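Position 79, counted from 1, in the sequence shown is what my numbering calls 79; the numbers after and before it change by one each time, with no gaps. Even for Gly, the Cβ is constructed at its ideal location relative to N, Cα and C. Source: prediction; values computed, not measured.
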Amino acid sequence: MNIFKQFVKSLYSPETIAKFRHQKIGKTIFYVFFFMLIASIPISIQLGSSVISFFQQAEKHLAEDLPDFTVDNGILHSEAAEPIHLTSQDYLLIFDASGELTPDEIDDQGTVIALLEREVLIQKDSVRRSFGYQEFNFDLSSAAAGEFLQTISGSLPLIIGILIVFLYLFLTGAKFVGIFALSLIGLIMNKNKALRYRHSWTLAAYSATLPTILLTLFDALRITVPFTFSIYWIIAIVILHLAFREIPNRNVEK
1 MNIFKQFVKS LYSPETIAKF RHQKIGKTIF YVFFFMLIAS IPISIQLGSS
51 VISFFQQAEK HLAEDLPDFT VDNGILHSEA AEPIHLTSQD YLLIFDASGE
101 LTPDEIDDQG TVIALLEREV LIQKDSVRRS FGYQEFNFDL SSAAAGEFLQ
151 TISGSLPLII GILIVFLYLF LTGAKFVGIF ALSLIGLIMN KNKALRYRHS
201 WTLAAYSATL PTILLTLFDA LRITVPFTFS IYWIIAIVIL HLAFREIPNR
251 NVEK
């Protein structure tokens with residue numbers, strides 16, 4: 001059976017999954033890379049779109065929305081006498097060279113990127129991080145920042161490609177760890193089966209297909225589902241258990 005048919009069968013047929021247990025481990029490893037490639041497509045598209053949107057928004061803000069500024073000796077300077085608030089669909093951008101705003105005053109404003117007098121503050125999902133201008137150890141101007149963004153924008157396809165490759169490798173590595181854990185659970189639950197660890201690992205790899213693709217679809221369709229971690233493991237364990245039920249007990253299969 002070719003890898004595409006295996007992928008389709010793994011979405012609904014524990015009986016077929018059980019038949020894969022004797023195949024070579026190399027084919028199973030390749031299968032994991034294959035279905036993780038499919039599972040990575042939506043998040044890779046989202047990543048690419050987010051990076052492009054970020055740079056486009058940054059260029060627009062510098063060219064049209066923000067006043068000229070400089071950063072000298074770790075301090076933001078501008079002719080703007082009051083804080084500037086720019087609201088977009090995804091975040092709030094605050095520009096304040098006057099020192100009027102403090103980090104504590106923007107705690108409850110959702111996703112925020114704030115250019116304050118002495119630091120850059122980034123807040124998302126109640127997690128806040130700040131970086132003092134002095135930490136970067138160089139002076140900056142709005143003109144230089146615009147030129148830098150234009151230079152980076154010309155290399156965005158390469159940058160996005162590299163990010164997607166690293167993301168794919170990270171997600172695949174994490175999936176291998178999850179398959180390892182699932183295979184151990186399978187062995188513990190089915191001690192009476194005539195199987196070695198490599199058989200359980202193979203079954204676990206194919207059993208992970210359906211929950212992985214389901215969560216990928218939820219993410220791609222922006223469907224918020226609570227307890228996704230628990231849902232993933234429940235589905236994976238149930239499929240693995242059903243696959244094990246198709247295998248003869250130790251006293252039957254030699």
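Contacting residues, own chain, Cβ-Cβ under 7 Å from residue i (five flanking each side not counted)
{"i": "Thr216", "result": "Ala39 and Pro42"}
{"i": "Val71", "result": "Tyr133, Asp139 and Leu140"}
{"i": "Ala58", "result": "Leu149"}
Separation of residue j from residue i, as counted between CA atoms
{"i": "Leu37", "j": "Gln56", "result": "28 Å"}
{"i": "Phe136", "j": "Ile29", "result": "43 Å"}
{"i": "Ile52", "j": "Asp90", "result": "14 Å"}
{"i": "Ser50", "j": "Leu101", "result": "28 Å"}
{"i": "Glu105", "j": "Phe176", "result": "44 Å"}
{"i": "Leu210", "j": "Leu11", "result": "5 Å"}
{"i": "Phe35", "j": "Gly110", "result": "35 Å"}
Where residue i falls: helix, strand or coil (DSSP)
{"i": "Val71", "result": "strand"}
{"i": "Thr16", "result": "helix"}
{"i": "Ile247", "result": "coil"}
{"i": "Thr87", "result": "strand"}
{"i": "Val252", "result": "Any reading at Val252 must be qualified, since the residue scores a pLDDT of 48, below 50, and its modelled position is unreliable; no value is offered."}
{"i": "Ile223", "result": "coil"}
{"i": "Ser40", "result": "helix"}
{"i": "Phe166", "result": "helix"}
{"i": "Leu210", "result": "helix"}
{"i": "Leu257", "result": "With the chain represented from 1 up to 254, any question about residue 257 goes unanswered, as that position is not in the structure."}
8 Å CB neighbourhood of residue i in its chain, flanking five on each side removed
{"i": "Ile75", "result": "Glu117, Arg118 and Tyr133"}
{"i": "Phe33", "result": "Thr172"}
Identity of the residues DSSP links to residue i by a beta bridge
{"i": "Gln123", "result": "Val112 and Arg128"}
{"i": "Phe256", "result": "Absent from the model: residue 256. The displayed extent of the chain is 1 to 254, so no value can be given."}
{"i": "His77", "result": "Thr70"}
{"i": "Ser53", "result": "Ser53 is not bridged to any residue."}
Cβ neighbours of residue i in the same chain (closer than 6 Å, five flanking residues each side left out)
{"i": "Glu15", "result": "Glu246"}
{"i": "Arg198", "result": "Ile25"}
Task: Inter-stretch contact at 8 Å, needing at least 3 Cβ pairs: the stretch 178-192 / the stretch 200-209 - done: yes
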